[in-house]
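Engineer:
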Amino acid sequence: MMMHRVYIGMGSNTPDATKQMSDAIDWLMTQLDEVASSDVYSTPPLSGIGADYLNAVATGLTTLTSDQLNLLLKDYERQAGRTPQSKLSGQVPIDLDIVLWDGTVVREKDFSYDFFQRGYRQVVAEKEVERRDAER
């Protein structure tokens, strides 16, 4: 069965953002294999409106298609309280987006943002260290 490497951008700006991010990372560990995530870090909202975000980047392996995984991510967002109304009010309980799939950038805009690059660089560096250690 084909395994796909995915990188997921994560964000939350609600008062319980720390718990939202922790819960989402825990959930991803049940959905993907070999999950690794960056540290969680705070960034200002792109729009300049609303609360600061907590962001992170997670990576893992899956046998699902990108469409199947995306449906799972969006379902998780809804279960965590994300609604069209919450988005309009600037409240984002959790945002989970596939940014890279098998080495291909699938969300160019997200990939270009500093808030994604910060976590992405950390996760890639950690994976490289693990790979080198495994070769010893």
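Under our numbering, the first residue of the sequence shown is numbered 41, with each subsequent residue one higher.
Glycine included, every Cβ here is placed at the ideal spot set by N, Cα and C.
The structure presented is a predicted model; accordingly, all values stated were derived computationally and were not measured.
1. Is Asp137 close to chain D? Criterion is C-beta to C-beta, closer than 7 Å.
2. Among Asp56, Ile48 and Arg118, which one has its Cα closest to the Cα of Tyr160?
3. Using only the alpha-carbon positions, how far apart do Val46 and Ala76 sit?
4. DSSP three-state label for Val80, please.
5. Taking the continuous beta strand (DSSP E) assigned at Ser52, which residues delimit it?
Structural biologist: Let's see:
1. In the structure shown, chain D does not exist; there is a single protein chain.
2. Ile48
3. 11 Å
4. coil
5. His44 to Ser52
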